[in-house]
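Below you'll find the structure, written out as structure tokens, and then a few comments.
Protein chains in written order, with this note's numbering: chain E, 2 to 117; chain Z, 2 to 117; chain X, 2 to 117.
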């Protein structure tokens, strides 16, 4: 492999990682405007079809017993969309909800990533 | 076009997009420190000369009738600088204002971009 | 230097800058989850061994007299770790502290950088 080839391949690998990092920034920053505007389907589409959205509340919420409210968990796109359309979330929209998305810490490992 | 040339051109295009993305992060993150420190001219320079800064308030503010306060709109650099120097903004600076800039969702399309 | 070589070198330089930028985003976004979970040593390791963490309070705090509380300054890794383990910080963890890290404005100049 020539020197040029080696350098090109290294750049392509780094570019791939940076593009993934920014794509995850975009995924996470999309949540605020979508959920604040009440677009239930677009919000749910930020997760995979069987994705889980656990927004706190501990074991009780994580068990799936609390699908709405200030702390709970939704399992899959239908439940996530239902949360957005639900009474609690619609009330905070009417109250002027504006989610502020902080800067996430994103660790990309190959095709998997963890963001916190 | 050789394979090397094709790969180089692809990398350059991707680099251009990523640099634009980060430049917009920098533009938006600059607002907080500049406006909190009361630098009216540097704050205004974040917009184009005829840029509009609408920080909420709906149609009444957007009409240009409310140029200062918790929700309003400023048209062009002179009005943006005047807002920073204005009574309301100076009072929140004295109160210890610290704007927290969330992670924006930035969509770059060629030489145009939308950040929310 | 061939055209290919020139373009490769330009891309490598830009990639280096972008990687530094993202590395600083990662460094700063790591603070929230680490300090909220009370990991004193990992939090301290975000600074250099003789790094200074001044989280406000003005001259009195900056003098080193206030090492704990809502506004103060810690000098070096041992003091930063002690702050995390201290009474004030442990109390806010128990109260459910969740630091939101905004988007920083990061200026990289060679091997030095300033983030605000």
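The beta-carbon is built from N, C-alpha and C at its ideal position, and this holds for glycine as well.
Counting other Cβ atoms within 10 Å of its Cβ, residue 54 of chain E reaches 16 or more and is therefore classed as buried. Contact note: residue 22 of chain X reaches chain Z through 23, using a C-beta cutoff of 8 Å and chain order. Per DSSP, the continuous alpha helix (DSSP H) segment holding residue 36 of chain Z begins and ends at 4-37.
Going by beta carbons, residue 12 of chain E and residue 19 of chain X fall outside the 8 Å limit. Note on residue 17 of chain E: under 16 other CB atoms within 10 angstroms of its CB, so exposed under the neighbour-count rule. Closer than 8 Å to the CB of residue 105 of chain Z there is at least one CB belonging to chain E.
Under the 8 Å Cβ criterion, the segment 3-11 of chain Z does not count as touching the segment 76-91 of chain Z, having fewer than three qualifying pairs. Classified as exposed, residue 64 of chain Z has fewer than 16 neighbouring CB atoms from the shown chains inside 10 Å of its CB.
Annotated as distal: residue 47 of chain Z and residue 114 of chain Z, with beta-carbon spacing of 8 Å or more.
Collapsing the DSSP output to three states places residue 109 of chain E in a strand. The distance from the Cβ of residue 85 of chain E to that of residue 41 of chain E is about 4 Å, consistent with a contact at the 8 Å cut-off. In the DSSP annotation of this structure, the continuous segment of the beta strand (DSSP E) that includes residue 74 of chain X starts and ends at 74-76. A check of alpha carbon separations from residue 117 of chain X across X:111, X:59, X:106 identifies X:106 as the nearest. Taking 8 Å as the threshold, the shortest C-beta distance from residue 93 of chain E to chain X does not fall below it. Here residue 102 of chain E carries a coil assignment [DSSP, helix/strand/coil].
Around residue 44 of chain X, the same chain offers 32, 35, 36, 81, 82, 85 as residues with beta carbons nearer than 8 Å, after the five sequence neighbours per side are excluded. Beta-bridge partners assigned by DSSP to residue 54 of chain Z: Z:75. A distance below 6 Å between beta-carbons, with the five flanking residues on each side excluded, links residue 77 of chain X to the following residues of its chain, in chain order: 51. Non-local beta-carbon contacts of residue 67 of chain E in its own chain, meaning distances under 8 Å to residues more than five positions away in sequence, involve 58, 61, 73, 74 in chain order.
Around the beta carbon of residue 23 of chain X, 16 or more other beta carbons lie within 10 angstroms, which makes this residue buried. For residue 114 of chain E, the beta-bridge partners assigned by DSSP are E:109.
Under the 10 Å beta carbon count, residue 103 of chain X is surrounded by 16 or more other beta carbons and is classified as buried.
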